[in-house]
Structures are given as structure tokens and as C-alpha cells.
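Structure, as C-alpha cells:
2 protein chains.
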Amino acid sequence: MAVLIADDEPQMVKILSAYFKKEGFNVLTANDGQEALDIFESTKIELAILDWMMPKIDGIEVCKYIKDNSQTKVLILTAKGQTEDEIKALHSGADDYIKKPFDPQILLLRAKKLMNNSEEIKVRDIRIMEHEKKAYKHEELLQLTKIEYDLLLFFSRNKGVILSRDRLVDSVWGMDYDGDPRTVDTHIRRLRTKIGTDIIKTYRGVGYCLEVKED
Amino acid sequence: MAVLIADDEPQMVKILSAYFKKEGFNVLTANDGQEALDIFESTKIELAILDWMMPKIDGIEVCKYIKDNSQTKVLILTAKGQTEDEIKALHSGADDYIKKPFDPQILLLRAKKLMNNSEEIKVRDIRIMEHEKKAYKHEELLQLTKIEYDLLLFFSRNKGVILSRDRLVDSVWGMDYDGDPRTVDTHIRRLRTKIGTDIIKTYRGVGYCLEVKED
DNA sequence: TGTCTTCTTCTATGCTTTTTCAAATGCATC
DNA sequence: GATGCATTTGAAAAAGCATAGAAGAAGACA
Numbered sequence: 000m001a002v003l004i005a006d007d008e009p010q011m012v013k014i015l016s017a018y019f020k021k022e023g024f025n026v027l028t029a030n031d032g033q034e035a036l037d038i039f040e041s042t043k044i045e046l047a048i049l050d051w052m053m054p055k056i057d058g059i060e061v062c063k064y065i066k067d068n069s070q071t072k073v074l075i076l077t078a079k080g081q082t083e084d085e086i087k088a089l090h091s092g093a094d095d096y097i098k099k100p101f102d103p104q105i106l107l108l109r110a111k112k113l114m115n116n117s118e119e120i121k122v123r124d125i126r127i128m129e130h131e132k133k134a135y136k137h138e139e140l141l142q143l144t145k146i147e148y149d150l151l152l153f154f155s156r157n158k159g160v161i162l163s164r165d166r167l168v169d170s171v172w173g174m175d176y177d178g179d180p181r182t183v184d185t186h187i188r189r190l191r192t193k194i195g196t197d198i199i200k201t202y203r204g205v206g207y208c209l210e211v212k213e214d
Numbered sequence: 000m001a002v003l004i005a006d007d008e009p010q011m012v013k014i015l016s017a018y019f020k021k022e023g024f025n026v027l028t029a030n031d032g033q034e035a036l037d038i039f040e041s042t043k044i045e046l047a048i049l050d051w052m053m054p055k056i057d058g059i060e061v062c063k064y065i066k067d068n069s070q071t072k073v074l075i076l077t078a079k080g081q082t083e084d085e086i087k088a089l090h091s092g093a094d095d096y097i098k099k100p101f102d103p104q105i106l107l108l109r110a111k112k113l114m115n116n117s118e119e120i121k122v123r124d125i126r127i128m129e130h131e132k133k134a135y136k137h138e139e140l141l142q143l144t145k146i147e148y149d150l151l152l153f154f155s156r157n158k159g160v161i162l163s164r165d166r167l168v169d170s171v172w173g174m175d176y177d178g179d180p181r182t183v184d185t186h187i188r189r190l191r192t193k194i195g196t197d198i199i200k201t202y203r204g205v206g207y208c209l210e211v212k213e214d
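Taken in order, these protein sequences are the chains called A and B. Letter by letter, the first sequence follows residues 0 to 214 in numbering that gives the first Met the number 0. Letter by letter, the second sequence follows residues 0 to 214 in numbering that gives the first Met the number 0.
Set out below in C-alpha cells:
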């Protein structure tokens, strides 16, 4: 769960970062609009908190770009207080708008509200976006078949647990499947070529395991 | 699309009613919390706008009840301005919170956002104007049939998400449709000839997805 | 009401991708 | 180094999709 905080006031970035980090979020920061866009392009961002007035590219423009190109939630932060500005912000696609000065706790609450519908699982450099039904490696979409995706999802829901072929068959193929359990091997192999060979480890005679740490 | 407006100030109810009716919403009004609950129980409400301070049952309690028993969106209206109150409102499950006095236009915008009625959605070179019920490609009007339009709208509300046939059928045709889910294929095909073949991608065995980026 | 047009649904066919299985090869463990 | 299990490979089988077209339904218009 990465949160992008973009503001040209270092003090503001510092305070907000602290709040979000404390809550367990992965925080990325930018000091101007250009930087914010660069980060957005290279990382999968869950929520972007953008100051309206920023050097190079302003928050509204950054917001528009993000909204046109993703499902990322956007919260605009501003010192302005005019009705018109708020309308402009909401029209740019922003999901919420908060006027400075504000209570960081409120911001945190509103931010959480915006994020609570996007589940994701992260393991090593693999990220599974469950609501998208897609998986990424290093922000790059993995071209997985249905079975490969289901396998990976099951593994990542059981990180660090050794899973027998039977268990994998039961949950990925279904209880009523009566094929050869060794078919699993083939799919594991193809999954490995796509996500990296060292991520799923073989436990001879027992099963397979998605290792949380490399060794 | 029914909107419930509950406030003990008749003037406020009157003004808000006028605004929402003008936008084509079906408006129901209540003067206290008990009335609001009665209406909620007897009608299908999409959004409830509740004043915090109301006779009989206050807005927060009404909000909790609504949130425990439905998917209805709730927007709390209040004269209070304390941080604590705002936190309390958001914790009661409210989707948004606006302090009085406020500009009715802002309330309308925020309300629309909660109801998922954004004015326009952009994806790649496609633009959908929801209030016009029209879609454009490169500023050129697309001649879409109703189903094609509804499909495209649903896809664009879920850009980047893989949508199964069942999900598409449920939201475009309705839950009670009992036709062949493969009918979707035909409509996707015709939609593709109109908006461009590479925009909706097939995920074999999973579904279809409106891709945000070309690859 | 009847005719015409447009939109929707469904079926059939061929094609592509995915899945499965079997046989050969490779590797760890005793 | 023998044994049993895992990996690799390839080819057949199965599954899923695109396309086209016909039949059916809905709506427009006289």
C-alpha cells in the first residue's frame, strides 16, 4: 500500500509522512508536481495526497493525469478556500479535498476511507491486485493464465507455508478435480519462468512453498 | 435514484430539495430522525443527507442504523466544527461530512461523487459524458447502442480491472437476466469495432478488461 | 395495425491458447 | 551409485474466444 505525498513545504511532507508511516503505510514523497508524476509513473500508488500549489506542475494537473490513467485515489490539499476552487478540485477528478490548516487525524481518516476498497498482496517484488485480478512484478503486468494466477494467489495467501500438491489441486482446481496431481508441476514450472525461479521453493516429497525471504 | 434529505430547518430542506430535483433526482424529505428512518425503511434510498442535530433521533444514530442495514451512502451535515465531531461522524460510517454553512453546489458535487455520478470519464482517446449519455472518440461522437454504451460506461468505471462475463451481465443487463453470458462476446465485438480493437483486452478464462495503457 | 428498420440474442464454425499427460532427463538423498 | 522424486520437453486434447450470420424482439413511422 503505497501513499504518495506531494507538497513543496518540507515541513508538511514530514508531518504527513510520519502519520502515515506510523499507520503502516509505505510512503513516497515529492516536492513538486513533476516529481509526483515521475513517482506515479514508476510505482503503483494507492493514494496520492497532492498540494494544489506546487512548483512546475500544480496539484490539479497532476490529479487529472493520475485520474485519466489509473484507479488511484486522489486527495487535494490546499490553502485556498474559495467555493470555486473546491468545485474545480472535485471536477478534476479528485476524490476528496481538504483545506489547510487541517487536523492530520482527519486527513488520515479520510485517506483511509478512500483506500479501504483496494486489496493487494505483496510478496518480494510481486504484487497481486485482487480486485483487478492482475499480478505485477516490479510494477510490470505479468501475463499469467487463469491457473497461474490462481496458483500465485493461493501461494501468496499462504506465504511461507509448504503446500502439498493435493492441497494446491483442491484449492486451485477444486475438490472434484480428478486429474493427475503432477500436473501441478508443469504449472509451477511455467509460473516460475514468469515470476522468477527462486520465489517458489520445492520441498522434496512434501510440496511447494512461496518463500518470503530469499536465502 | 432516490435521495433522502433530513433536517429540522425547513428552509434548509427546501433549498437542498430544489437543487437535487433540478438535477433530476427523486427527492424525499424528513424533518427529524424518526421520520428519516421511517422513509429509509420503506423506500430504496441511494444517498441520505442527514443533519447531525435533529429532534427525536440525531443524525449520527440514523447514520449508524442505515450503515448497518444497507449500502446506502450517507453524508452528514453539521453546524459543529470540532475535530472530534468530524472524527465521530466519519467513525459512525458516514461517507462524507460537510460543515454548515456550505455552498449547495459543493454539496451537490460531493453527493454526486458518492453516487458515482461523475460528469465525464476519460480513458485513452475515449471520453464519456455521463449526463449526456454520449461517448466520444477523438471529439467525435460514437454511435453506440444502449447496451454498448452501458458496457463502455461500466468498463470505464472500472478501468484496468478484469471483469468477468457474469459481472458484466449483472451490471449491464441486471441481476435478473437469465440469458447466455456469451451474448456479452457479441457486444464486446461490436463495441470494439467502434472504439478500437485494442482498448478492451480479453483475458482467456477470466473476462475482459479496459486497458488504461497500451502495451 | 402493419411494415420497415434497428438492435439483441443465440448458434455454428474455425482458430488460438491453455491445459494435460507421458516420456526423458536431471538431481538430491540415503 | 541406486532410488525416488522433480524438472523439462513436446505433443495431443480440451477449452475458450472471435467471427459471421440467422432468427427473434423491439421500436419507428406511416
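Built from N, CA and C at the ideal position, the CB exists for glycine as well.
In three-state terms, what does DSSP make of residue i?
i: residue 198 of chain B; result: coil
i: residue 144 of chain A; result: coil
i: residue 83 of chain B; result: helix
i: residue 213 of chain A; result: coil
i: residue 114 of chain A; result: helix
i: residue 131 of chain B; result: coil
i: residue 119 of chain A; result: strand
i: residue 77 of chain A; result: strand
i: residue 205 of chain A; result: coil
i: residue 28 of chain B; result: strand
i: residue 191 of chain A; result: helix
i: residue 139 of chain A; result: strand
i: residue 126 of chain B; result: strand
Are the Cβ atoms of residue i and residue j separated by less than 7 Å?
i: residue 57 of chain A; j: residue 30 of chain A; result: no
i: residue 46 of chain A; j: residue 61 of chain A; result: no
i: residue 85 of chain A; j: residue 105 of chain B; result: yes
i: residue 163 of chain A; j: residue 206 of chain A; result: yes
i: residue 73 of chain B; j: residue 94 of chain B; result: yes
i: residue 76 of chain A; j: residue 97 of chain A; result: yes
i: residue 149 of chain A; j: residue 171 of chain A; result: yes
i: residue 216 of chain A; j: residue 32 of chain A; result: Outside the shown range of chain A, which is 0 to 214, sits residue 216 of chain A, and nothing can be said about it.
i: residue 194 of chain A; j: residue 146 of chain A; result: no
i: residue 65 of chain A; j: residue 39 of chain A; result: yes
i: residue 20 of chain A; j: residue 12 of chain A; result: no
i: residue 18 of chain B; j: residue 107 of chain B; result: yes
i: residue 78 of chain B; j: residue 111 of chain B; result: no
Taking the alpha helix (DSSP H) that residue i belongs to, which residues open and close that run?
i: residue 50 of chain B; result: Taken as a continuous stretch (DSSP letters only), residue 50 of chain B belongs to no alpha helix (DSSP H), being part of the beta strand (DSSP E) at 46-50.
i: residue 68 of chain B; result: 58-68
i: residue 11 of chain B; result: 9-21
i: residue 166 of chain B; result: 164-167
Taking 8 Å as the limit between beta carbons, can you name the residues of its chain near residue i, skipping five residues before and five after?
i: residue 277 of chain A; result: The structure shown does not extend to residue 277 of chain A, since chain A is modelled only from 0 to 214, so the question has no answer here.
i: residue 90 of chain B; result: none
i: residue 161 of chain B; result: 202, 205, 206, 207, 208
i: residue 157 of chain A; result: 209
i: residue 109 of chain A; result: 74, 95, 97
i: residue 173 of chain A; result: none
i: residue 9 of chain A; result: 30
i: residue 213 of chain B; result: 123, 197
Quick one: what's got a C-beta closer than 6 Å to residue i's C-beta in the same chain, skipping five residues either side?
i: residue 210 of chain A; result: 200
i: residue 115 of chain B; result: none
i: residue 44 of chain B; result: 1, 3, 71
i: residue 128 of chain A; result: 119
i: residue 167 of chain A; result: 183
i: residue 175 of chain B; result: none
i: residue 53 of chain A; result: 7, 31, 32
Which first and last residues belong to the beta strand (DSSP E) in which residue i is found?
i: residue 95 of chain B; result: 95-98
i: residue 1 of chain B; result: 1-5
I think residue i touches residue j, with their Cβ atoms under 8 Å apart; what is that distance to the nearest whole Å?
i: residue 131 of chain A; j: residue 159 of chain B; result: 6 Å
i: residue 59 of chain B; j: residue 88 of chain B; result: 7 Å
i: residue 187 of chain A; j: residue 103 of chain A; result: Wrong, their Cβ atoms sit about 46 Å apart, outside the cutoff.
CB-CB under 7 Å to residue i, same chain, minus the five flanking residues each way: which ones, in chain order?
i: residue 42 of chain A; result: 1, 27, 138
i: residue 141 of chain A; result: 134, 135, 193, 194
i: residue 16 of chain B; result: 4, 26, 28
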